[in-house]
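Inspection log for the structure reproduced underneath, given as C-alpha cells.
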Amino acid sequence: MKKAIVVGSGAGGATVARELQGKFSVTILEAGREFRPFALNLSLPERLKKSGLFFDERLIQLLCPAMKIRKSNEGLILVNGVALGGSTALSTGSAVRVDQDLKELGIDLDVEFEEIYREIPVSTGHLKLWHKTTKRLFEICKEMNLAPRPTPKMVNYDLCLNCGRCTMGCPQGAKWDSRQFLQTALDGGAHLITSCRVEKVLIKEGMAAGVQARMGWQRKFFPADLIILAAGGLATPLILQNSGIACDSNLFVDPVLCVAAEWKESLQNKEIPMPFIVQKENFILAPYFDHLSFFFNKDWKFPARNTLGIMIKLADSNTGTISGKKIQKALTEQDKKRLAAGVEICTDILTRLGVEKDRIFLGSINAGHPGGMLRLTRQEAETLHNGRLPENLYVADATLFPESTGNPPILTIIALAKRISKLCS
Ligand SMILES: Cc1cc2nc3c(=O)[nH]c(=O)nc-3n(C[C@H](O)[C@H](O)[C@H](O)COP(=O)(O)OP(=O)(O)OC[C@H]3O[C@@H](n4cnc5c(N)ncnc54)[C@H](O)[C@@H]3O)c2cc1C
Ligand code: SF4
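For the sequence shown, the numbering used here assigns the number 5 to the initial residue and increments by one for each residue that follows.
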C-alpha cells in the first residue's frame, strides 16, 4: 500500500488521517505529545497571581503545557495547541459553519458538512446551564436588536460540568476534539509518531519525496508517496517556506479583545465559554472569561467569580507574514477602528446591565485562528491544490482560507480536509 504522511493531529490533520487510512498506509507526525487537560483547582493559580509570578503570557504553559504562546514582532499574542488534538483540544467547543468565502470561489462543501453533522454531535443543549448574568446579557442583546443566538457546540451535555475550563482542555471528555478522529485512524491501522517536528518537505524532480523532521537532537527522513501538511496556519507556511515553496504575506489571525467589568457572582469562570454569539459584519461578540487576560493583564484584578467579560473576535486584515521564526502581524488602522466599534457595543451592553462606564476595562489582544498564507483562488476550486505545490503535496488547514472569517473555523477546516482527502486518494 502507498504511504501517506500527515503532519499535525489537529482539526485538519486528524480528519485527513481518518479519511485516508485504509486507502494509504498513514503515518501522522505530531510535534507535541499526549494532551493533558489542566486538572488542578484554578483557585491556586488565582492566589499565585498576586505574587507577580505570571508576568508574561508565555508562562501559561506552566498551567497548560499544550498551550503555546508566541508574540508577533509587533507584540500580538498568538495562541495555539501543540499536543495531540492540536488547538481543537483547547477550543471552546463552538461549532459554526463559515464557508461563505469558499462558496464564493465555487467550492461547495455541503456534502462534507452533512457528513460532519452526522459524525460530530453539535447542539445548543447548554442553555440549561447558563447562569443568571448570561441570561440577562442575552436579553439585553435582544433588546438592542443585536440578534444574539445560542452558540452551537460540539459538547456532550450529559457529561459537561459547566466548569468553564474548555480552553485548558476538558477534564470530563465532554467536549469533542480531533483526538476522536485520530483514534479512528489509529484503530484502522495508522501510525502515530509524537514529539516529531517536521521541518521541511524534500522535493526531488518536482515531486515530494518525504519530510525531514526533528526528534529531540536527531533529524529523521520519512519517505512518502503523498504528504499532507496540516500543522496549523502558523507552522504549515513555515514548513512550506523551508521547503522552497513561497507563501503569501496574507496572514490573518482573528484577534480577540475582551471588554470586562467587575460584576459580583457573575460566575463566568464557571460556565461554558461563548454561550451565545452576536454576529456583526466584521466581528462577533460573545460572553467569555478570558483566562489569559485574567492571569497576565494587570488591569484584571477582581476575583475570577466576579469578573465578567464580552469577547470581540475580529475578522482582521490579511496582512501579516512569517519569515523563519519571526512573525510579522500587527493590527491595521481599519482593524483598530472595527475593534473600537466592538468596544462601543460591549460598553453599551455592560452599562445596560448596570456597570458604571468608567469601571470597564479591556483585556490583552490575543489570537488563535491563524491562516491565509496559501489562500485558495477560483482557479483551484476543483483541485484545492496550489500550483506551487508538487502534485503529491497538499495543505489541509486554514492556510488555504481566502479571508479571515472572524468566527470559529474548526468545522470548516474539517470540511476542507475531508474534500482534500477525496481529491488526493
Ligand atoms: C484557545 C483556543 C480556542 C479555540 N476555540 C475554538 C472553537 O471553539 N471553535 C472553533 O471552531 N475554533 C476554535 N479555535 C480555533 C481552532 O482550534 C483552530 O483554528 C483549529 O484547531 C486549527 O486546525 P489545524 O488543524 O489547522 O491546526 P491545529 O488544530 O492547531 O493542529 C495543528 C497540529 O500540528 C502540530 N504541529 C505544529 N507544527 C508541527 C510540525 N512542524 N511538525 C509536526 N506537527 C506540528 C501541532 O502540535 C498541532 O497538533 C480555538 C483556538 C484556540 C487557540
Ligand atoms: S465546561 Fe463542559 S465542555 Fe467545557 S471543560 Fe468543563 S466539562 Fe468540559
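Glycine included, every Cβ here is placed at the ideal spot set by N, Cα and C. Only a predicted model underlies this, so the values are computations on that prediction, with no experimental measurement involved.
Item to check | Proximity winner among L24, K179, T240, relative to K329 (alpha-carbon distances) | outcome: T240
Checklist entry - On the premise that G177 lies in contact with R430, defined as a C-beta separation below 8 Å, what is that separation, rounded to the nearest angstrom? => result Residue 430 is absent from the model: the chain starts at 5 and stops at 429.
Checklist entry - Which ranges would you report for the beta strand (DSSP E) in the stretch 203 to 230 if only whole runs of at least 3 residues count? => result Within the stretch 203 to 230, the complete beta strand (DSSP E) runs of at least 3 residues fall at 211 to 219, 222 to 227.
Checklist entry - Say the cut is 7 Å; is the CB of G97 nearer than that to a heavy atom of ligand 1? => result yes
Checklist entry - Between W267 and N310, which are expected to be in contact by the criterion C-beta below 8 Å, what is the C-beta distance as a whole number of angstroms? => result Contact between W267 and N310 holds, since their C-beta atoms are separated by about 6 Å, short of 8 Å.
Checklist entry - Span of the beta strand (DSSP E) holding L2? => result The question about residue 2 has no answer, for the chain in this structure spans 5 to 429.
Next on the checklist: I need the residues with a C-beta less than 6 Å from some heavy atom of ligand 2; please give them in chain order.
Outcome noted: G97, V159, C164, L165, N166, C167, G168, R169, C170, C174, Q176, A178, K179, I276
Checklist entry - Between the Cα of F117 and the Cα atoms of V100, L133, H130, which residue gives the shortest distance? => result V100
Checklist entry - Going by DSSP, which residues form a beta bridge with A264? => result G313, F365
Item to check | N246: first and last residue of the uninterrupted alpha helix (DSSP H) it sits in | outcome: N246 -> alpha helix (DSSP H) spans 239 to 246.
Next on the checklist: Judging by CA-CA distance, which residue of I276, L52, D105, Q184 is the nearest neighbour of A18?
Outcome noted: Q184
Item to check | Best match in L366, V399, V10 for proximity to D303 [C-alpha to C-alpha] | outcome: L366
Next on the checklist: Between I424, S429, G214, A419, which has its C-alpha nearest Q104's C-alpha?
Outcome noted: A419
Checklist entry - Looking at the structure shown, is T336 part of a helix, part of a strand, or coil, going by DSSP? => result coil
Next on the checklist: Is A290 close to ligand 1? I mean its beta-carbon at under 7 Å from any heavy atom of the ligand.
Outcome noted: no
Next on the checklist: Considering only heavy atoms of ligand 1, does any lie closer than 7 Å to the CB of S13?
Outcome noted: Yes.
Checklist entry - Out of curiosity, what's the CA-to-CA distance linking L261 and S55? => result C-alpha separation (whole angstroms): 25 Å.
Checklist entry - Cα-Cα, which of A421, T198, G346 is closest to P291? => result G346
Checklist entry - Can you name the start and end residues of the alpha helix (DSSP H) that K426 belongs to? => result Per DSSP, K426 belongs to the alpha helix (DSSP H) from 414 to 428.
Next on the checklist: Taking the beta carbon of Y398 as the centre, do at least 16 other beta carbons fall within 10 Å, making it buried, or is it exposed?
Outcome noted: buried
Item to check | Uninterrupted beta strand (DSSP E) stretches inside the stretch 74 to 143 (no shorter than 3 residues) | outcome: Uninterrupted beta strand (DSSP E) stretches at least 3 residues long and entirely within the stretch 74 to 143 occur at 81 to 85, given in chain order.
Checklist entry - Within this structure, are the beta carbons of A385 and A400 separated by less than 8 Å? => result no
Next on the checklist: Can you tell me where the beta strand (DSSP E) holding Q187 begins and where it ends?
Outcome noted: No beta strand (DSSP E) holds Q187; the alpha helix (DSSP H) holding it covers 183 to 191.
Item to check | Spatial neighbours of F225 in its chain, beta-carbon cut-off 6 Å, leaving aside the 5 residues before and after | outcome: G214, Q216
Next on the checklist: Would you call the stretch 108 to 116 in contact with the stretch 64 to 78, where contact means no fewer than 3 C-beta pairs closer than 8 Å?
Outcome noted: The stretch 108 to 116 vs the stretch 64 to 78: no contact.
Checklist entry - Between C350 and ligand 1, is the CB less than 7 Å from at least one heavy atom? => result Relative to the non-hydrogen atoms of ligand 1, the Cβ of C350 never comes closer than 7 Å to any of them.
Item to check | Boundaries (first-last residue) of the alpha helix (DSSP H) holding H295 | outcome: 295 to 300
Item to check | Buried or exposed by the 16-neighbour rule on C-beta atoms within 10 Å, applied to K107 | outcome: exposed
Checklist entry - Under 8 Å between the Cβ atoms of L343 and I316? => result Yes, the pair counts as a contact, with Cβ atoms nearer than the cut-off.
Checklist entry - When DSSP labels each residue in this structure, what does Q176 get in the three-state scheme? => result coil
Next on the checklist: Restricting to Cα atoms, I'd like to know which of A265, A189, P307 is closest to L435.
Outcome noted: The chain is shown only over 5 to 429; residue 435 falls outside these bounds and no answer can be derived.
Checklist entry - DSSP beta-bridge partners for S29? => result K7
Checklist entry - How should R22 be labelled, buried or exposed, when 16 other C-beta atoms within 10 angstroms of its C-beta is the threshold for buried? => result Result: buried.
Next on the checklist: Please state the DSSP three-state secondary structure of T323.
Outcome noted: coil
Checklist entry - Near M278, what residues of its chain come up, given a Cβ to Cβ distance below 6 Å and the 5 sequence neighbours on each side ignored? => result Cβ within range, chain order: T96, S98, T155, A290, Y292.
Item to check | Spatial distance of E285 from K27 (CA atoms) | outcome: Straight across, the Cα-Cα distance linking E285 with K27 is about 42 Å.
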